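**Student:** Got a structure for you, questions after.
Protein chains: 2
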Amino acid sequence: MKNARVLIVDDEKNIRDLLEAGLKFAGFSVYSVGTGTEAVAVAEKAKPDILVLDVMLPDQSGFSVTKKLRSMEIYIPVLFLSARDDGADKVTGLTVGGDDYMTKPFSIDEVIARIHAILRRTQKQEAEDSILEVGEIKINQDAHEVYVNGTEIELSPTEYKLLRFLMSNPNRVMSKDQILDHVWEYDFNGEQGIVESYVSYLRKKIDPLSKNSLIQTKRGVGYMFRTFKED
Amino acid sequence: MKNARVLIVDDEKNIRDLLEAGLKFAGFSVYSVGTGTEAVAVAEKAKPDILVLDVMLPDQSGFSVTKKLRSMEIYIPVLFLSARDDGADKVTGLTVGGDDYMTKPFSIDEVIARIHAILRRTQKQEAEDSILEVGEIKINQDAHEVYVNGTEIELSPTEYKLLRFLMSNPNRVMSKDQILDHVWEYDFNGEQGIVESYVSYLRKKIDPLSKNSLIQTKRGVGYMFRTFKED
DNA sequence: TATAAACCTGAATATACCCTGAGAAATGGC
DNA sequence: GCCATTTCTCAGGGTATATTCAGGTTTATA
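Protein sequences, first through last, are from chains A and B.
Start counting the first sequence at 1; every next residue gets the next number (my numbering).
Start counting the second sequence at 1; every next residue gets the next number (my numbering).
Set out below in structure tokens:
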């Protein structure tokens, strides 16, 4: 689903900006608002394909936003965002239908992946599928399974997200800062060294099964997932 | 029965919205109203395939709604909803023919399962639908019987619903939040730990009879019902 | 070649996550 | 009302994971 239209609803401007930049870069058309009232108004007029909706808004809960929309016969799938330990917003029954749910802090690429998953499920057109295959590696995003030349390897959640990010940008060097911004949660305040560690973990699992060195280091620049001619 | 048309009748807007979203995603065309009078009017005009009907309505009882419809020669099967303490026995007298009833609070996937069951009984087509078979496990949804490689196992109601949900989404990781929202009643207020407990119960009953580990843990992500090639 | 910067990787640590048994509380059948 | 089943919570133990760090290795460049 290219050029899907996303409405972001969050009262924290930081989060809105982060999401807006990330989703625009990922090819979405983005609207963003800070209150539930605005959300209902914009959703009614613009009819976006999906909502990214904070559960805790200043004027009303994200839950009541979806209720209002549904009472207006407007059915838009929702990716809910909520603070991790905020027990107050733990409303069950939130993810009915094709909806999904993530806790803050999130990583921007995880948000993008979830949006794609929701659109796959709700817009039954198999235009985009859950398989991401680049060169010798195939990722089944529904099952969270990774295959190197047909052999499955077990990755931790962070290893998985890092590999998915690199494979989404093949033959393009990604700096460690870019990787941190996309793969790690937005409040992570560690050092770049952790990227080196995780690249090392990935190589240890991938290289024994691959013909080529798929994750290349560009010294002083970053890392790159490479593809090769004739496989 | 794809694209069956459902009329929801409930005075609580929350419940209507919950049902509406869930049933639409499950592939039904949905109408919804809040009173018995509207229900009769819409049912007469739209002739839905099934009614989901709250027993306690503000203007009249669900019973009188069905009576009115039958006096108008309109026969539509009904799934009654009643509050737990309203005396469920009163409802049993209401169910004639293919009707069914359930008590609030319900789980959304259970409602969908009951609707499918009623439609199977009343529209005699595709009776095979009641068998859900994925890999080594077969569920007879009419009889509530579960077989692992041909051997029947006894499951509690919650174990059954959890297994059915996982099997309805094979090879797709489902998060604990999603599982809670679909399998547990909508007012459930507990923690994710209960999902772990029930997965443990299920495994204890399934694993001794199955060749593969059918319910897989994706650490940090959720659980998945897996199928295997050449089984 | 010498030097510094960048990178790799093993080890150490704290923590998050998951499994399971046990028991309390709720439910349902008789 | 009583007993059996089921639901739900909780805590202990075990393991995977995230993160940091230090020592070794490679690379660029003077």
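For every residue, glycine included, the Cβ atom is placed at its ideal position computed from N, Cα and C.
Every value quoted in this text rests on a predicted model; they were computed, and no experiment measured them.
Say whether chain B places a C-beta atom closer than 9 angstroms to the C-beta of Ala88(A).
**Tutor:** By 1-based counting over the first sequence, the position of residue 88(A) is 88. Because the pLDDT of Ala88(A) is 46, which lies under 50, any placement of that residue in the model is unreliable, and the number read from its coordinates should be weighed accordingly. No, no contact with chain B.
**Student:** Tell me where the alpha helix (DSSP H) around Lys176(A) begins and ends.
**Tutor:** If you number the first sequence from 1, residue 176(A) lands on position 176. Per DSSP, Lys176(A) belongs to the alpha helix (DSSP H) from 176–183.
**Student:** Less than 9 angstroms between CB atoms is the rule here; does Asp17(B) satisfy it with respect to chain A?
**Tutor:** What you label residue 17(B) is simply residue 17 of the second sequence in a count that begins at 1. Asp17(B) counts as touching chain A.
**Student:** So with Cβ pairs under 9 angstroms, would you call Asn212(B) a contact of chain A?
**Tutor:** Working through the second sequence from its first residue, we reach residue 212(B) at position 212. Not an interface residue.
**Student:** Can you tell me which of the three DSSP states Val6(B) falls into?
**Tutor:** As a position in the second sequence, residue 6(B) is number 6, starting the count at 1. In this structure, Val6(B) counts as strand in the three-state DSSP scheme.
**Student:** Which of the three DSSP states is assigned to Ser130(A) in this structure?
**Tutor:** Along the first sequence, read from residue 1 onward, the residue named residue 130(A) stands at position 130. Three-state result, Ser130(A): coil.
**Student:** Is the CB of Asn140(B) under 9 angstroms away from at least one CB in chain A?
**Tutor:** Taking the second sequence and counting its residues from 1, one reaches residue 140(B) at position 140. Chain A contact via Cβ: absent.
**Student:** Glu20(B) versus chain A: which residues are under 8 angstroms apart at the beta carbon?
**Tutor:** In the second sequence, the residue the question calls residue 20(B) occupies position 20. What Glu20(B) touches in chain A: Arg70.
**Student:** Are the Cβ atoms of Leu209(B) and Glu136(B) separated by less than 9 angstroms?
**Tutor:** One-based indexing of the second sequence puts residue 209(B) at position 209. One-based indexing of the second sequence puts residue 136(B) at position 136. Cβ distance < 9 angstroms, so Leu209(B) and Glu136(B) count as in contact.
**Student:** From the DSSP secondary-structure annotation, give me the bridge partner or partners of Met224(B).
**Tutor:** What you label residue 224(B) is simply residue 224 of the second sequence in a count that begins at 1. Gln216(B), per the DSSP bridge assignment.
**Student:** Nearest chain A C-beta to Ser29(B) closer than 9 angstroms, yes or no?
**Tutor:** Within the second sequence, the letter at position 29 stands for residue 29(B). False, the Cβ-Cβ gap to chain A never drops below 9 angstroms.
**Student:** What's the call for Met174(B), buried or exposed, on a 16-neighbour Cβ count within 10 Å?
**Tutor:** Working through the second sequence from its first residue, we reach residue 174(B) at position 174. Counting Cβ neighbours within 10 Å, Met174(B) comes out buried, since at least 16 surround it.
**Student:** Tell me Tyr101(B)'s beta-bridge partners as DSSP assigns them.
**Tutor:** On the second sequence, residue 101(B) is found 101 positions in, with the first residue counted as 1. Looking at the DSSP assignment, Tyr101(B) forms a beta bridge with Phe80(B).
**Student:** Just the chain A side, please: which residues come within less than 8 angstroms of Gln178(B) by C-beta, in chain order?
**Tutor:** Locating residue 178(B) in the second sequence gives position 178, where the first residue counts as 1. Result: Thr95, Asp100, Tyr101.
**Student:** What did DSSP end up calling Ile241(A) once you bin it into helix, strand or coil?
**Tutor:** Limits of chain A in this structure are 1 at one end and 231 at the other, which puts residue 241(A) out of reach.
**Student:** Please classify Tyr75(B): is it buried, with 16 or more other beta-carbons within 10 angstroms of its beta-carbon, or exposed?
**Tutor:** Locating residue 75(B) in the second sequence gives position 75, where the first residue counts as 1. So Tyr75(B) ends up on the exposed side.
**Student:** Name the chain A residues whose beta carbon is nearer than 8 angstroms to that of Gly193(B)?
**Tutor:** As a working mapping, residue 193(B) is identified with position 193 in the second sequence. Under the 8 angstroms cutoff, chain A gives no residues; its nearest Cβ is about 14 angstroms from Gly193(B).
**Student:** Identify the continuous alpha helix (DSSP H) that holds Tyr160(B) and give its terminal residues.
**Tutor:** If you number the second sequence from 1, residue 160(B) lands on position 160. Where Tyr160(B) is concerned, the enclosing alpha helix (DSSP H) stretches over 157–168.
**Student:** Name the two residues that bound the continuous alpha helix (DSSP H) containing Thr122(A).
**Tutor:** Numbered from 1 along the first sequence, position 122 holds the residue referred to as residue 122(A). 108–122 is the extent of the alpha helix (DSSP H) around Thr122(A).
**Student:** Whole angstroms are fine: how far does the CA of Asp109(A) sit from the CA of Val40(A)?
**Tutor:** Taking the first residue of the first sequence as position 1, residue 40(A) is located at position 40. Taking the first residue of the first sequence as position 1, residue 109(A) is located at position 109. C-alpha separation (whole angstroms): 26 angstroms.
**Student:** So is Ile116(A) in contact with chain B if we call contact Cβ pairs under 9 angstroms?
**Tutor:** By 1-based counting over the first sequence, the position of residue 116(A) is 116. Residue 116(A) is actually His in this sequence, not Ile. It does not: the Cβ of His116(A) has no partner Cβ on chain B nearer than 9 angstroms.
**Student:** Tell me which residue opens and which closes the beta strand (DSSP E) that Tyr147(A) is part of.
**Tutor:** Looking up residue 147(A) in the first sequence gives position 147. 145–148 is the extent of the beta strand (DSSP E) around Tyr147(A).
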